[in-house]
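Each remark here refers to the structure printed beneath this line.
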């Protein structure tokens, strides 16, 4: 069975989770666009038949640019964003603020494919389970998915089909 080549944006390609996602997708032959404040211009490893390019955006200040990036006909968007740890007093606030901006840009964009969040910040991005269920019910957003941290299963979060 031959699968088609996908065009995937990876937010946070330099981080621990993001770099693993990029490596895996490149190994499988997909076209990857790294999206971050300072993404690598070229990928560090020759991994498979995939291709890598990048685009720079400041998540905290360039909302319109982020919306335009998300509207660039990606088959999927993987969010592996993690806030900077340079000032530990602002890590949580910075992470929640950035995920709010990422979520807003995703909803304002024309992207209709999956939006997958990886890493431990998934809980911060979606808030409590009941808030997320209410969000899904009110806005009928079914294109957001999460890969849960530390081996947790989707049953940890209920049966709303939020896990991938």
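Numbering (my numbering), first residue to last: 531 to 694. Using N, Cα and C, we set each Cβ at its ideal position, and we do this for glycine too.
The residues 543, 544, 564, 584, in chain order, have a CB closer than 7 Å to that of residue 570 in the same chain once the five nearest residues on each side in sequence are set aside. For residue 555, the number of other beta carbons within 10 angstroms of its own is at least 16, and it is reported as buried.
For residue 625, the uninterrupted alpha helix (DSSP H) segment begins and ends at 621-638. By the Cβ neighbour-count rule, residue 618 is exposed, with fewer than 16 other Cβ atoms within 10 Å of its own.
The three-state secondary structure of residue 547, taken from DSSP, is helix. Excluding sequence positions up to five before and after residue 537, its CB lies within less than 6 Å of the CB of 561, 604, 605, all in the same chain and listed in chain order. Contact annotation: residue 628 and residue 582 have beta-carbon atoms that are not nearer than 9 Å.
For residue 600, the secondary structure class from DSSP, reduced to helix, strand or coil, is helix. DSSP places residue 616 in the coil class of the three-state scheme, outside both helix and strand. Taking C-beta atoms as the reference points, residue 567 and residue 549 fail to come closer than 9 Å. Excluding residues up to 5 positions away in sequence, 567 lie with their Cβ nearer than 7 Å to the Cβ of residue 588 in the same chain.
Residue burial annotation: residue 615 is exposed, with fewer than 16 other C-beta atoms found within 10 angstroms of its C-beta. Between the alpha carbons of residue 539 and residue 593 lies a distance of about 16 Å. For the set 535, 541, 533, the Cα lying nearest the Cα of residue 596 is the one of 541.
Closest in alpha carbon position to residue 598, among 644, 535, 645, 640, is 640. Only exposed fits residue 630, as fewer than 16 other CB atoms lie within 10 angstroms of its CB.
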